[in-house]
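Here is the structure we will look at, set down as structure tokens.
2 protein chains.
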Amino acid sequence: MPSLAKGRNERPPNGDETAAGTPSERAPNTEIRLGALEHYIAFHLRLAQNASFKAFKRESGDPELRPGWFAVMSLIESNPGITPMMVSRASGRDKSTLTPILRDLSHHDLIERLPVPGDKRSYALALTTTGREKLRELAAHAAIHDRKLDQIAGSKKAELLALLRRISTLLN
Amino acid sequence: MPSLAKGRNERPPNGDETAAGTPSERAPNTEIRLGALEHYIAFHLRLAQNASFKAFKRESGDPELRPGWFAVMSLIESNPGITPMMVSRASGRDKSTLTPILRDLSHHDLIERLPVPGDKRSYALALTTTGREKLRELAAHAAIHDRKLDQIAGSKKAELLALLRRISTLLN
DNA sequence: TATTGTTATACTCTATAACTATA
DNA sequence: TATAGTTATAGAGTATAACAATA
């Protein structure tokens, strides 16, 4: 059976000893060792995405700035006439997850559904004028958030983006 | 009102014209333009994390290899005597999300809860012998997954990890 | 008063499977 | 038969708020 003392002794000795004491007396999480997790990309990917998501939500009290809405509207703006299936593939999500988003966007008159000539099963998506205005608003908010990420990435931004792109592309 | 034809025309002319036709005749998602999203770190972070998560689940049919369990058990292994609050902070999640995980791990006799001398509100976590064995299994599976990520990151792995760490650290 | 851990509750994101209407 | 989109349903993962015990 491992004792607490054993656990403590496994740490390499360092200056933190002065702050040591009962667990509740320790500094927030400075001393916690990640162990095997330390070198796991998947783990750090989750931490980073989670932190980004929380910051995104926190910074814009705007409940309408949902990551989902913003991404879908951007895709439609850049690809007028895009179909739900194409949006699904571009955003790496199942088609069924798009139905409610597109319904909401449609109800808010932000997008319109146009017939696809030659395929009655599908429809083509386009932003309405209102939708374009709304997207400008959302983009302004999102930019504030991503600017922080830009600062954090600094000169490595292009490299980070390339790596993330490779991960999502090759892992399918 | 924007027409579909207008939308198509907005694309810069390129060799893809040969593959163009009705949307359903197009290649999977090659032609979809990300537009503003192209340079958003947050967006690519979500794509990458999602792809990683799906691959993780797909590759190990093992329903017990939940990212949550693995991370928590690893943290306990590397920090015997760690408290739930410390795990919460180290994994960037609210303390309330840990309760059910710790309960499950406890029910499976993978961890034990020991008293913390000097603080009756909390308890110290440690892996049981069974827990250590189980963690070895899970780690073997997880390693297979992360090896793929390692390959994808290649020589940039250290840099990627450093960037992800910076993101989760500075965004709080 | 503040903190730890638990509980109750709810929200978001996502997926699967079955369905329809086309193709 | 296969595909596009919808529906119903479920499962992770996470959060907030209120609570009891303790600090």
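Chains A and B are the protein sequences, given in the same order.
The numbering used here puts the first residue of the first sequence at 1, with every later residue one more than the last.
The numbering used here puts the first residue of the second sequence at 1001, with every later residue one more than the last.
Ideal Cβ placement from N, Cα and C applies to all residues, glycine included.
Just checking: is the beta-carbon of residue i within a distance shorter than 8 Å of some beta-carbon in chain A?
i         : result
B:Asp1094 : no
B:Leu1034 : yes
B:Pro1067 : yes
B:Ala1140 : no
B:His1145 : yes
B:Leu1170 : yes
B:Ile1152 : yes
B:Glu1159 : yes
B:Leu1098 : no
B:Leu1110 : no
B:Leu1102 : no
B:Glu1137 : no
Starting from the Cα of residue i, find the closest Cα among the options and give me that residue.
i         : options                                       : result
A:Lys148  : B:Leu1164, B:Leu1170, B:Thr1129 and B:Trp1069 : B:Leu1170
A:Lys157  : B:Gly1092, B:Ala1042 and B:Leu1034            : B:Ala1042
A:Asp119  : A:Ala71, A:His44, A:Arg66 and A:Gly81         : A:Gly81
A:Arg165  : B:Ala1051, B:Arg1121 and B:Arg1066            : B:Ala1051
B:Ala1036 : A:Met73, A:Arg46, A:Val116 and A:Leu114       : A:Met73
B:Leu1105 : B:Leu1034, B:Arg1132 and B:Glu1031            : B:Arg1132
So who's on the other strand from residue i, going by DSSP bridges?
i         : result
A:Lys115  : Per the sequence shown, the amino acid found at residue 115 of chain A is Pro instead of Lys. In DSSP, A:Pro115 forms a bridge with A:Tyr123.
B:Ile1082 : B:Leu1125
Which value, in whole angstroms, describes the spacing of the CA atoms of residue i and residue j?
i         : j         : result
B:Ser1096 : B:Leu1161 : 28 Å
B:Arg1136 : B:Arg1103 : 20 Å
B:Glu1059 : B:His1145 : 7 Å
B:Tyr1123 : B:Pro1100 : 15 Å
A:Ala27   : B:Asp1094 : At A:Ala27 the pLDDT is 38, less than 50, meaning the model places this residue with poor confidence; the figure from the coordinates comes in the next sentence. Going from the Cα of A:Ala27 to the Cα of B:Asp1094 covers about 18 Å.
B:Phe1070 : A:Asp150  : 31 Å
A:Lys134  : A:Ala143  : 14 Å
A:Ala153  : B:Ser1168 : 12 Å
B:Leu1163 : A:His39   : 13 Å
A:Asn172  : B:Arg1046 : 15 Å
B:Ala1055 : B:Ala1048 : 11 Å
B:Ile1032 : B:Ala1139 : 38 Å
A:Arg66   : A:Val116  : 28 Å
A:Leu114  : B:Leu1034 : 21 Å
B:Glu1159 : A:Glu159  : 9 Å
B:Ala1090 : B:Leu1098 : 12 Å
B:Lys1057 : B:His1044 : 20 Å
A:Phe53   : B:His1141 : 28 Å
B:Ser1155 : B:Gly1068 : 28 Å
A:Gly92   : B:Gly1092 : 25 Å
A:Arg121  : B:Arg1121 : 60 Å
Counting only beta-carbon atoms, is residue i nearer than 8 Å to chain B?
i        : result
A:Ile41  : yes
A:Lys120 : no
A:Lys156 : yes
A:His44  : yes
A:Ser106 : no
A:Ile167 : yes
A:Glu133 : no
Check whether the segment 1075–1090 of chain B touches the segment 74–89 of chain A, taking contact to mean three or more Cβ pairs, one atom from each stretch, closer than 8 Å. no
Could you tell me whether the segment 102–115 of chain A touches the segment 127–134 of chain A, where touching means 3 or more Cβ pairs closer than 8 Å? Yes, they touch.
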